[in-house]
Amino acid sequence: MVEERIQYLFLRYPDCLYGFTDISYSRYAEHYKSALVFAVPYGELLTMEAYTEERFERGIREARQTEREILSHIEEILDAHAISYLIPSAVQNNEEELVAPFSFKYAAVCAGLGWIGKNDVVVTEKYGPRVRLSAVLIDSPFAYGRRITESGCPDSCRKCVEACPYHALRDVQWNIDVMRKEMINYRLCNQKRSLYIEKHGRKHSCGLCIAACPFGV
Ligand code: SF4
Ligand code: SF4
């Protein structure tokens, strides 16, 4: 069975978290029943004391390499079972709205991997927010995870909010009905990170609001 083969695959990647969610909420529901969502921990689980942008970026690159390996194995499995699937792009569709065609964050919450922290990223119990998310839309049912609807951030915690040099985070506690724009000035965050494109050939990774999180270290 395909679910067992995917479970077996993840035994080879014991550090990764994964789960399945029904995607009837999504515009992709017409073609795919489920999403497999997985979280690869960054190469280094950095704290504020150890943080440099270069180390943070390197950790993301290492996670991206593992993510590619896993995706290629999943493609082999699904092809072998002749199951239709789509690996949605993680790239945001434009610099104005800054939304990807399929939200990995929302799917991760629905699959039970974590909640959205005050830093507006998925926070897992095991690694905090130091994970790279990926998803595969699959036209097959699975045993679904338990959807998380409330934040696990302590009300009093403001570490990520205080770590942001641009005050882009609004100190808003997430629940499933809270919108992104209520939590973060995402245009400001993107604008500041984009200032480095000329220097680095890419946006600044800026993981300060991630490195500050006490979960996972
Ligand atoms: S990524 Fe950087 S700029 Fe954006 S909210 Fe986090 S700390 Fe602020
Ligand atoms: S630093 Fe605190 S408030 Fe921010 S995401 Fe982590 S636990 Fe939540």
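4 is the number of the first residue of the sequence shown in our numbering; add one for each residue after it.
Beta carbons are placed, not taken as given, at the ideal position from N, Cα and C, and that holds for glycine.
Do three or more CB pairs link the stretch 128-147 to the stretch 179-186 at distances below 8 Å? no
Leaving aside the five residues before and after Leu-48 along the sequence, list all residues of the same chain whose C-beta is less than 7 Å from its C-beta, in chain order. Within the sequence shown, numbered from 1, the residue matching residue 48 stands at position 45. Contacts found: Tyr-130, Arg-133, Gly-219 and Val-220.
For Gly-115, which residues of its own chain have a beta-carbon under 7 Å away from its beta-carbon, when the five flanking residues on both sides are left out? Residue 115 sits at position 112 when you count from the first residue of the sequence shown. Cβ within range, chain order: Gly-22, Gly-148, Arg-149, Arg-150 and Ile-151.
Keeping to the same chain, check which residues put their C-beta closer than 7 Å to that of Thr-164; ignore five residues upstream and five downstream. Numbered from its first residue, the sequence shown carries residue 164 at position 161. Reading off the sequence shown, one finds Val at residue 164, where the question assumed Thr. Excluding sequence neighbours, Val-164 sits near Lys-121, Leu-172 and Asp-174.
Tell me whether Ala-85 is buried or exposed, calling it buried when 16 or more other Cβ atoms sit within 10 Å of its Cβ. Taking the first residue of the sequence shown as position 1, residue 85 is located at position 82. Ala-85 is exposed by the Cβ-count criterion.
Which residue wins for smallest C-alpha separation from Glu-185, given the options Asp-25, Ile-119 and Glu-60? Taking the sequence shown and counting its residues from 1, the one referred to as residue 185 is at position 182. Of the candidates Asp-25, Ile-119 and Glu-60, the one whose C-alpha sits nearest the C-alpha of Glu-185 is Ile-119.
Apart from the five residues just before and just after Cys-156, which ones in its own chain have a Cβ nearer than 6 Å to its Cβ? Taking the first residue of the sequence shown as position 1, residue 156 is located at position 153. Here the set comprises Gly-120 and Lys-121.
May I ask you to report which of helix, strand or coil DSSP gives Ser-154? Along the sequence shown, read from residue 1 onward, the residue named residue 154 stands at position 151. Note: Ser-154 maps to coil in three-state DSSP.
Measuring only the C-alpha atoms, how far is Arg-196 from Thr-50? For this step, residue 196 is matched to residue 193 along the sequence shown. For this step, residue 50 is matched to residue 47 along the sequence shown. Between Arg-196 and Thr-50, the C-alpha separation is close to 20 Å.
Burial state of Arg-71, where buried means 16 or more other Cβ atoms lie within 10 Å: Against the sequence shown, residue 71 aligns to sequence position 68. Flag for Arg-71 reads exposed.
Supposed contact pair Ile-73 and Cys-19 - C-beta distance, whole angstroms, cut 8 Å: Position 16 of the sequence shown holds residue 19. Position 70 of the sequence shown holds residue 73. That belief holds up - the Cβ atoms of Cys-19 and Ile-73 are roughly 7 Å apart, short of 8 Å.
Proximity below 9 Å, CB of Leu-39 to CB of Leu-89: For the purposes of this step, residue 39 is taken as residue 36 along the sequence shown, with counting starting at 1. For the purposes of this step, residue 89 is taken as residue 86 along the sequence shown, with counting starting at 1. For Leu-39 and Leu-89, no; Cβs fall outside 9 Å.
Looking at Ala-114 and ligand 1, is the gap between the Cβ and the nearest heavy atom below 8 Å? Along the sequence shown, read from residue 1 onward, the residue named residue 114 stands at position 111. No, since every heavy atom of ligand 1 falls outside the 8 Å radius drawn around the Cβ of Ala-114.
Is there a Cβ from chain B that is less than 9 Å from the Cβ of Met-4? The chain labelled as chain B is not found in the depicted structure, where only one protein chain is given.
Between Thr-24, Leu-211, Pro-217 and Cys-216, which lies nearest to Phe-107 when the distance is taken from Cα to Cα? Working through the sequence shown from its first residue, we reach residue 107 at position 104. Cα-wise, what sits closest to Phe-107 is Thr-24.
Could you name each continuous beta strand (DSSP E) segment of 3 residues or more that falls completely within the stretch 39-75, going from the start of the chain to the end? none
Whole alpha helix (DSSP H) elements within the stretch 154-207, 4-residue minimum: 162-166, 183-186, 189-197 and 200-203
Give the range of the beta strand (DSSP E) segment to which Phe-23 is assigned. To locate residue 23, count along the sequence shown from 1; it is residue 20. Looking at the DSSP string, the run of the beta strand (DSSP E) that includes Phe-23 is 20-25.
Under a three-way DSSP split, which group does Arg-135 fall into? Here residue 135 refers to the residue found at position 132 when the sequence shown is read from its first residue. In this structure, Arg-135 counts as strand in the three-state DSSP scheme.
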